[in-house]
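Below is one structure, written out as structure tokens, with a few remarks after it.
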Amino acid sequence: ALHKYYNEGKDKLSRLEKVFVMLITDEISVLQDVSEGDEELMMLKKTIEAMSNDDGIIGLYDKEEMDEFERSQGLQYAKNEGLEIGRADGIEIGRADGIKIGKENALIETAKNLLALKMNIEDIAKATGLSPCVIKSLQ
């Protein structure tokens with residue numbers, strides 16, 4: 286039908302052939318020409334134009350492209366989820382490390398204060414849990 290349209294013109298086409306031409310062409314000018322003067326074909330033209338601009342319909346024609354798009358979106362989602370989990374884990378580890386360092390610093394400060402009060406190293410070690418070596422290094 287499209288071949289007949291280009292070779293003989295729209296006037297040589299039956300109504301059914303005009304519909305076929307409208308359905309298979311990718312040129313707006315052909316849609317306009319074939320539908321001109323026929324109210325039902327003009328309505329078909331509007332429907333075809335609307336569907337041509339519908340992303341969902343366009344995606345049906347290019348399944349590979351849509352599959353690739355969906356795959357890339359899935360990968361992006363997975364990446365974002367991984368980053369979010371990594372951040373949460375990092376924050377948790379950072380807090381745990383911070384608490385541990387804070388406790389160690391508090392024990393060292395306590396040991397320094399006890400040394401300043403002239404308490405013996407063995408008693409300070411028992412009270413703080415620090416080794417006598419560490420306590421000696423604080424003097």
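Here our numbering is used: the first residue of the sequence shown is 286, the next is one more, and so on. Don't be surprised by glycine CBs; every beta carbon is placed ideally from N, CA and C.
Query                                                                                                                  : Result
Local Cβ density within 10 Å of residue 370, reported as buried at 16 or more and exposed below that                   : exposed
DSSP three-state assignment for residue 359, whether helix, strand or coil                                             : helix
Cβ pair residue 290, residue 306 closer than 7 Å                                                                       : yes
For residue 405 and residue 378, the rounded distance between their alpha carbons                                      : 36 Å
Spatial neighbours of residue 308 in its chain, beta-carbon cut-off 8 Å, leaving aside the 5 residues before and after : 333
Touching by the beta-carbon criterion (3+ pairs, under 8 Å), the region 413–420 and the region 388–402                 : yes
Reference residue 326; option with closest CA among 348, 349, 301, 350                                                 : 301
Residue 424 (DSSP reduced to helix, strand or coil)                                                                    : coil
Endpoints, the alpha helix (DSSP H) within which residue 287 is located                                                : 287–293
Contact under 7 Å by Cβ, residue 368 with residue 396                                                                  : no
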